[in-house]
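What follows is the structure, encoded as structure tokens:
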């Protein structure tokens, strides 16, 4: 078997996709998952509103029972979301949370959410964990220690060294804050960053430049970077003073660039294949779904606007407590 060289010699590491997560997470104290369009951006908006989020792989038929078991809302398809429904669109979370209290949300996505669930499943015992999804099983008892109300569950510390990794959701909205939070707790241990990327129609990984930028924004404050991590920082620095315009101009596959408005109630092919800012913004036509897609790009470009660091505990993302000052 051919030997694959890794990044173990460096304190700060960077890789792509699920296989990359498997490669760089072992031995790391913290793993930051970046999926700018749109899982980790949606996650940042959710935890700002004190919503506990269960990351879930793309719809496999079990998400409905899981959401029902825990009294959680289930994110629906972007184009299917009604006025009072949440989808993977950050704009829907912001809009619905402004009107009513949401305690818990099951949020499936094919890339960032699936990677977070994968890391959760691999990070060691959890009070109510699910080996397949990294979250609670429909048959688990919440009272046994799995789920607590989101408003009472700010995360203050980290797992002890060697007892799994601490997983964070990072986007352009919270990259600097998340980096500060990790550095205050790192104590010389390694940190890894995983850019989720997108998928080509054949299912293979399509690196997405917006995730490279998000990773670089997070890694910019760390030292002893691997060459891979250094490349992410350099990529972000190249667009740091023009993020909204750069994000709106990101390239995408011709298949999705040519998409017309989706029929009401239909899932967009974009969310089982590649997606980028330009593809989402190009759908800006009369209709709730199309307007929210363009708004999602604007929300994702709100650099350093977030006040929350989403940290995964017991299968659920919740807001971390701020780092004490002074």
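Numbering (this note's numbering), first residue to last: 11 to 336. Note that the Cβ used here is the ideal one computed from N, Cα and C, for glycine as well.
Residue environment: residue 70 is assigned as exposed (fewer than 16 neighbouring CB atoms within 10 Å of its CB, all protein chains considered).
With a minimum length of 4 residues, the unbroken runs of alpha helix (DSSP H) contained wholly in the region 165-212 fall at 185-193. Remark: C-beta atoms of residue 309 and residue 100 approach each other more closely than 7 Å. Under the 8 Å Cβ criterion, the region 21-38 does not count as touching the region 73-92, having fewer than three qualifying pairs. Taking all protein chains shown into account, residue 331 has fewer than 16 neighbouring C-beta atoms within 10 Å of its C-beta and is therefore exposed.
Per DSSP, the beta-bridge partners of residue 84 are 116. According to DSSP, residue 43 shares a beta bridge with 179, 204. With respect to the 7 Å criterion, residue 177 and residue 129 are classified as neighbours on the basis of their beta carbons. DSSP, reduced to helix, strand and coil, places residue 98 outside both helices and strands of the structure shown, so it counts as coil. In this structure, residue 318 sits away from residue 113, with a CB-CB distance that is not shorter than 7 Å. Rounded to the nearest whole angstrom, the C-alpha separation of residue 243 and residue 225 is 7 Å. Residue 232 sits buried, since 16 or more C-beta atoms from the chains shown fall within 10 Å of its C-beta. In the three-state scheme derived from DSSP, where H, G and I count as helix and E and B as strand, residue 28 is classed as helix. The beta-carbon separation of residue 188 and residue 34, rounded to 17 Å, does not stay under the 8 Å limit for a contact. If you draw a 10 Å sphere on the C-beta of residue 251, you find fewer than 16 other C-beta atoms in it, and that means exposed. Here residue 221 is buried, its C-beta having at least 16 other C-beta atoms within 10 Å. Nearest to residue 127 by alpha-carbon distance, out of 200, 42, 46, is 42. Among the bridge pairs identified by DSSP, residue 327 is matched with 63, 322.
One Cα belongs to residue 200, the other to residue 316, and the distance between them is close to 25 Å. When C-alpha distances from residue 56 are compared across 214, 192, 125, 102, the shortest belongs to 102.
Taking C-alpha positions only, residue 234 is separated from residue 20 by approximately 6 Å.
Between the C-alpha atoms of residue 227 and residue 132 there is a straight-line separation of about 26 Å.
Sequence-distant partners of residue 236 (beyond 5 residues in either direction) whose C-beta falls short of 6 Å from its own C-beta, in its chain, are 17, 20, 23. The closest CA to that of residue 91, considering only 105, 15, 216, is found on 105. Counting C-beta atoms within 10 angstroms of its own C-beta, residue 211 has fewer than 16 neighbours from the protein chains shown and is therefore classed as exposed. Its Cα nearest to that of residue 256, the residue 307 stands out among 28, 307, 175.
The closest CA to that of residue 206, considering only 74, 61, 123, 304, is found on 123.
Going by beta carbons, residue 97 and residue 88 fall inside the 7 Å limit. Beta bridge pairing from DSSP links residue 216 with 208.
Note on geometry: alpha-carbon atoms of residue 194 and residue 40 lie some 12 Å from one another.
Listed in chain order, the non-local C-beta contacts of residue 191 below 7 Å within the same chain comprise 319, 330, 333, local neighbours out to five positions each way being set aside.
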